[in-house]
Amino acid sequence: MKDDMYKPKYITNIDRLSQLSEGEKEALKKVAQTYVFRINDYYLSLIDWSDPHDPIRRIVIPMAEELDEYGTWDASDEKSNYVVPGCQHKYATTALLLVSEVCGAYCRYCFRKRLFRDDVKEALLDVREGIDYIEKTPQINNVLLTGGDPLALSTRKLTTIIESLRNIEHIQIIRIGTKMPLFHPMRIYEDEELLRTIRKFSTINKRIYVMAHVDHPRELTKEAKKAFEALHDAGAIIVNQTPVLKGINDDPDVLAHLLDELSWMGVTPYYFFVNRPVAGNKSFVLPLHEVYRIVEEAKAKTSGLGKRVKLVMSHASGKIEILAIENKKAYLKYHQSRYGHHGKFFVLDCPDDATWFDDLPGSDQYVK
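Be aware that the sequence shown starts at 2, since it is given in this note's numbering, and climbs by one per residue.
The following block contains the structure:
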């Protein structure tokens, strides 16, 4: 790693946000006591403070509405997926290693915000027990490094984890779930050691995939694009996944622009997620029929490359793809299943106020 590599200045104290009034600071400090706050100077510079509804602001700056009663800390019941500390194994061929409890900044809508509480220890810096489990489980052929953000680790630590996984013959794909290309792009394109690691371990038969989280086209600055270009040049395959969120990207023109930009950059649009009913997320919630409409109108404005994206609910029972919502009916399919329902197509009533799978009458028959 170069000594002159850009090191962002982090803010974890609401009082240091000079753009907020004293009254706003006092109100939001109460939010930050429950849901942790962190941002850096680079991403802070992307906010248009003259617009109180600025989508970049909504991604990272606390809001009083986060204290409204809503949801649970673990809406997808991830706790039941742990096979050893720090390692989840929900689907047969895929394992998750939670390697970090830190991110470049903290998204207000995060579905794993529980990890950033002092009383929760799900992510582990020492993942040897998880790697041992993966080595002894030959049906696992791909591993997702997640957290938190794996790129918040030191490059040396990350390289050690990747090298350990590459020494397991049955692991074909290593995935890195990250928003660092948006939160701190210089961490990628200035870090020659990181790029060497990707170049070494992302080969023609065993690729490293970067699972990026671009929520809004305005995040795709020249610095962010430079980070994606560096990852491409190092041999990583990049895909993108984002939830559809009220006040951030719930506009067909915005999502269409995002799909276009990603396709032009060679980043595969992978998933649009329905917001999970996680504590603090009430202000981001949209009805299912509205999410479906927004996504379909966006896809109508983009090419076939942009249309590759799938709209899914990441439910405790599996990933449920929303194929259509018409005439108060939801047409669904299990894209992944915890209970052997892979590929199962089914139709449920979809009330106008339904925002999650559990809100659909009859959904309980598929959760076991």
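Note that beta-carbon positions come from the ideal geometry of N, C-alpha and C, so glycine has one too.
This structure is a prediction, so every number in the text was calculated from the model and none was measured.
Stretch-stretch touch, CB-based, cutoff 8 Å, three pairs: the stretch 113-123 with the stretch 196-210:
no
Can you list, in chain order, the residues of its chain with a C-beta nearer than 8 Å to that of E130? Leave out the 5 residues immediately preceding and following it.
V85, P86, G87 and C88
Pick helix, strand or coil for E170, following the three-state DSSP scheme.
coil
In whole angstroms, what separates the C-alpha of L97 from that of Q34?
29 Å
Closest Cα partner of D16 within the set A331, Y134, V32 and Y190
V32
Who are L195's beta bridge partners in DSSP?
Answer by DSSP bridge pairing: none, since L195 is not bridged.
So, M181 versus D150, is the Cβ gap smaller than 7 Å?
yes
Applying the criterion that 16 or more other CB atoms from any shown protein chain within 10 Å of the CB defines a buried residue, is A331 buried or exposed?
buried
Let's test the definition: count the other Cβ atoms within 10 Å of the Cβ of S155 and tell me whether it reaches 16, buried, or not, exposed.
exposed
Where DSSP assigns a beta bridge to L97, which residues make up the other side?
Q89 and L145
Only counting runs of 4 or more residues, tell me where the alpha helix (DSSP H) segments fall wholly within the stretch 20-88, in order along the chain.
23-35, 42-45 and 56-61
According to the Cβ coordinates, are R157 and Y107 closer than 7 Å?
no
For I189 and V348, I'd like the C-alpha separation in whole angstroms.
44 Å
Span of the alpha helix (DSSP H) around L312:
Unbroken run through L312 is the beta strand (DSSP E), K311 to H316; no alpha helix (DSSP H).
Per DSSP, D350 forms a beta bridge with which residues?
K330
Tell me which residues share the same chain as F285 and place their Cβ nearer than 6 Å to its Cβ, disregarding the 5 neighbours each side in the sequence.
Y110, L246, K247 and N276
Could you tell me which residues DSSP pairs with K320 in its beta bridges?
S315
For the alpha helix (DSSP H) containing F229, name the first residue and the last one.
K223 to D234
Name the two residues that bound the continuous alpha helix (DSSP H) containing V279.
Where V279 is concerned, there is no enclosing alpha helix (DSSP H), given that its DSSP letter is neither H nor E.
Identify which residue in Y83, I135 and T243 has its Cα closest to the Cα of G178.
T243
Whose C-beta lies closer than 6 Å to the C-beta of V296 among residues of the same chain, with five residues either side of it excluded?
F273 and L312
Shortest alpha-carbon distance to V100 belongs to which of L68, L152 and R115?
L152
By DSSP, does P218 sit in helix, in strand, or in coil?
helix
M6 by DSSP, collapsed to three states: which one?
coil
CA nearest to the CA of M266, picked from L21, I162, A225 and V37:
A225
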